[in-house]
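One structure is given here, and the rest of the page talks about it.
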Amino acid sequence: MNRKEQRIIMALIAVAAWAVPAAAQEYPSKPVALMVPFAAGGPTDTVARVLGQAMGKVLKQTIIVENTVGAGGTIAPMRLKSATPDGYTLLLAHIGMSTAPALYKTLPFKPLEDFEYIGQVVDVPMTLIAKQDMPARDLKELLAYIKANKDKISFANAGVGSASHLCGLLFMSTIEVDLTTVPYKGTAPALNDLLGGQVDLLCDQTTNTTPYIKAGRVKAYGTTSKTRLETLKDLPPLAEAGLPGFEVVVWHGVYAPKGTPRPVLDKLVAALQAAIKDPAFVQRMSDLGAQVVTTEKATPEALRSHLKAEIDRWTPIIKKAGVYAE
Ligand code: ASP
3 MNRKEQRIIM
13 ALIAVAAWAV
23 PAAAQEYPSK
33 PVALMVPFAA
43 GGPTDTVARV
53 LGQAMGKVLK
63 QTIIVENTVG
73 AGGTIAPMRL
83 KSATPDGYTL
93 LLAHIGMSTA
103 PALYKTLPFK
113 PLEDFEYIGQ
123 VVDVPMTLIA
133 KQDMPARDLK
143 ELLAYIKANK
153 DKISFANAGV
163 GSASHLCGLL
173 FMSTIEVDLT
183 TVPYKGTAPA
193 LNDLLGGQVD
203 LLCDQTTNTT
213 PYIKAGRVKA
223 YGTTSKTRLE
233 TLKDLPPLAE
243 AGLPGFEVVV
253 WHGVYAPKGT
263 PRPVLDKLVA
273 ALQAAIKDPA
283 FVQRMSDLGA
293 QVVTTEKATP
303 EALRSHLKAE
313 IDRWTPIIKK
323 AGVYAE
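Using our numbering, the letters of the sequence shown map in sequence onto residues 3 to 328.
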């Protein structure tokens with residue numbers, strides 16, 4: 003290599019060193035995709051769309067929700083793992099990130115290793131509901147009805163790894179009855195079928211069920227929260243109504259592909275922190291019975307450590323229930 007060639011190479015290295023921070027500085031210069039692992043119109047989709055608006059305001063860019071559905075919500079994280087780490091592909095995922103490792107014998111991603119963590123978003127309780135003409139009026143009657151008709155009752159969910167699957171699993175193992183489960187690509191289509199009377203039972207998040215419970219279009223038997231919800235005051239927690247200790251909190255986190263540049267991650271964390279204080283976001287979430295997290299939880303460290311704690315919490319429970327997907 004002669005001197006001239008050396009100089010050219012040095013100049014190229016200098017340009018390359020500048021290029022990354024410059025791109026990160028301009029970020030985001032085009033719309034950002036936020037993947038959602040479940041169907042449009044469902045609970046995770048609802049959170050993503052409201053959050054996307056709030057974060058988009060801060061980032062001064064459009065956030066486009068992409069419903070990357072399938073395999074109980076595990077296709078979307080798999081896609082995120084192989085996405086370009088430039089901040090233009092993100093994922094909103096829920097509690098399923100912590101249950102999938104125990105539910106799937108082979109999982110094509112490692113939740114604690116393969117991603118960058120932006121922060122937690124919102125905690126959403128669930129509700130146990132049935133089709134409108136279910137004869138049981140409360141949980142006690144429902145349990146008696148289930149025991150007498152167990153071969154006839156169908157329980158909808160959004161696939162192995164979804165929150166509705168987890169809630170159904172806990173419910174069936176608590177009451178020691180196995181019901182026929184019907185998987186959908188999200189609880190939006192599951193709820194549609196429940197409204198049409200094609201399936202009998204569904205455990206789903208308040209972000210999806212609240213308007214239907216309020217309008218009396220479904221029968222509701224309880225919430226998976228510890229205490230009564232402001233938005234559904236007449237509905238007791240399942241733990242109070244006859245299933246002591248029954249609690250599921252559907253927590254959510256925003257993830258980015260591993261290797262996303264630090265300045266981009268910093269911008270995303272700042273946008274999330276601003277979004278969880280945005281009055282429109284907070285109001286919409288609280289109208290739907292959800293609790294927006296505190297600033298301390300909307301951080302990369304808090305999301306990763308919560309994910310780890312939840313994996314440690316759910317793994318033995320799921321192993322004990324003996325459910326696996328291939
Ligand atoms: N949250 C999912 C959805 O948006 C379903 C589930 O986790 O049960 O459809």
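Ideal Cβ positions, reconstructed from N, Cα and C, are used throughout, including at glycine.
| Check | Outcome |
| --- | --- |
| Identity of the residue in Gly170, Thr101, Asp289 nearest Trp253 by Cα | Thr101 |
| Residues surrounding the ligand ASP [beta-carbon distance to nearest heavy atom under 5 angstroms] | Phe40, Gly44, Pro45, Thr46, Ala160, Ser164, Ala165, Ser166, Gly188, Thr189 |
| Collapsed DSSP secondary structure at Ala300 in the structure displayed | coil |
| Gly291 burial status per 10 Å Cβ neighbour count (16 or more: buried) | buried |
| For Ala132, three-class secondary structure by DSSP | strand |
| Alpha-carbon to alpha-carbon, Ile215 and Glu68 | 28 angstroms |
| Span of the beta strand (DSSP E), counted from its first residue to its last, around Tyr223 | 220-225 |
| Proximity below 8 angstroms, CB of Ala42 to CB of Gly161 | no |
| Contact check, Ala311 vs Leu171, beta carbons under 8 angstroms | no |
| Beta carbon of Thr226 nearer than 8 angstroms to that of Leu237 | no |
| Status (buried if at least 16 other CB within 10 Å, exposed otherwise) for Asp153 | exposed |
| Buried versus exposed, by CB contacts within 10 Å (16 or more), Glu28 | exposed |
| Helix, strand or coil at Pro191 according to DSSP, with G and I counted as helix | helix |
| Top-ranked residue by Cα proximity to Tyr119, from Gln200, Met136, Leu92 | Leu92 |
| Where Gly218 falls, given that 16 or more other Cβ within 10 Å makes a residue buried | exposed |
| 7 angstroms Cβ shell around Gln134 - same chain, five flanking residues per side excluded | Arg219, Val220, Lys221 |
| Which listed residue (Phe40, Leu53, Leu141, Ser31) has its alpha carbon closest to that of Val295 | Leu53 |
| Asp289 to Leu231 span [Cα, whole Å] | 11 angstroms |
| Leu61 and Ala273 closer than 8 angstroms at C-beta | yes |
| Proximity of Val126 and Gln207 at Cβ, strictly below 8 angstroms | yes |
| Under 8 angstroms between C-beta atoms of Pro39 and Gly98 | yes |
| Residue from Phe157, Asp202, Gly75 whose Cα sits closest to the Cα of Pro137 | Asp202 |
| Residues sharing a beta bridge with Asp206, DSSP | Thr129 |
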